[in-house]
Amino acid sequence: MCFALFHFFLSLLSYSSYSFACPSTPHIMADLFKNTKLFRGDKQVDASELKNKIVGLYFSAHWCPPCRSFTPKLKEFYESLKEELFELIFVTSDRSEEGYLDYYNNHHGLWLRLEFNDPMINELAAKYSVNSIPMLIIINHEGKIINKNGRDDVMANASGTLQAWKDAATRS
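Counted the way mature numbering (1 follows the signal peptide of the UniProt record, and there is no 0) counts, the sequence shown spans residues -21 to -1, 1 to 151.
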């Protein structure tokens, strides 16, 4: 029923960029992170902030030269959005907590991060087949991959990237 109503409203508002979430739809993205600690800066945030959002999982490390080259571009992209339907999560591959915190605090934007050595880091890397860094995987609110090459999108066409991800999220 919810699916049919969604498509009915979508057909009426096909010109609109708004999407509607059915109240009975589980918030899989928030559930995915419910047993892990997420931080914005040094403040812990609730995983419910991810509800109905497109999420970029940024697999990166301070010791990786391509990561250190891409991170400022990603920061500029993130800060230009002013968008409530998109969030980034830093998933570290750092070898030391000191390097991880220095990299996050001094080079990243004020996006979310997992704790150093959080077991979720390996779970996400396995779930999304991460085999190199930097990697920016874009997932919809259900945790399904929208784009496994988000880095290329940000580098090639930052201005149209978020809209392309939103369009892909509505199709997935």
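Cβ coordinates follow ideal geometry from the N, Cα and C atoms, glycine included.
Residue burial classification, residue i (beta-carbon count within 10 angstroms, cutoff 16)
i	result
Pro44	exposed
Lys13	exposed
Arg130	buried
Asn119	buried
Thr149	exposed
Ser75	exposed
Leu11	buried
Leu53	buried
Tyr40	Inspection of the sequence shows that residue 40 is occupied by Ala rather than by Tyr. Looking at its Cβ environment, which holds 16 or more other Cβ atoms inside 10 Å, Ala40 is buried.
Lys32	buried
Asn136	exposed
Asn126	buried
Asp146	exposed
residue 174	Examination of residue 174 is not possible in this model, given that the chain is present from -21 through 151 alone.
Asp132	buried
Asn110	exposed
Ser3	At Ser3 the pLDDT is 37, less than 50, meaning the model places this residue with poor confidence and gives no usable figure here.
Residue i, enclosing alpha helix (DSSP H) - first and last residue
i	result
Tyr57	44 to 60
Thr140	129 to 150
Gly78	76 to 86
Leu103	98 to 106
Rounded distance between the beta-carbons of residue j and residue i, thought under 8 Å
i	j	result
Leu36	Leu103	6 Å
Asp90	Ile68	A quick correction: the sequence has Trp, not Asp, at residue 90. That pair is a contact at about 7 Å.
Delimiting residues of the beta strand (DSSP E) encompassing residue i
i	result
Leu67	65 to 71
Asn126	124 to 126
Asn115	Note on residue identity: the sequence assigns Leu, not Asn, to residue 115. From DSSP, the beta strand (DSSP E) with Leu115 extends over 114 to 118.
Leu17	17 to 19
Lys22	22 to 24
Leu36	33 to 39
Leu93	91 to 93
Residue closest to residue i, alpha-carbon to alpha-carbon, out of the options
i	options	result
Leu141	Gly122, Glu66, Thr15	Glu66
Phe49	Glu28, Ser138, Ile112	Ile112
Leu17	Leu115, Pro98, Lys145	Pro98
Gly20	Arg92, Leu11, Ser59, Glu58	Arg92
Lys22	Asn84, Ala147, Pro51	Asn84
Glu55	Asp146, Ser108, Ser138, Asn96	Ser138
Ile7	Ser108, Lys30, Thr15	Lys30
Phe95	Phe38, Ala26, Met114, Leu115	Phe38
Thr15	Asn101, Val109, Asn110	Asn101
His86	Glu58, Met134, Asp25	Glu58
Gly78	Trp42, Asp25, Glu28, Trp144	Trp42
Leu64	Lys106, Ser27, Met134	Ser27
Gly88	Pro51, Arg47, Asp25, Val70	Pro51
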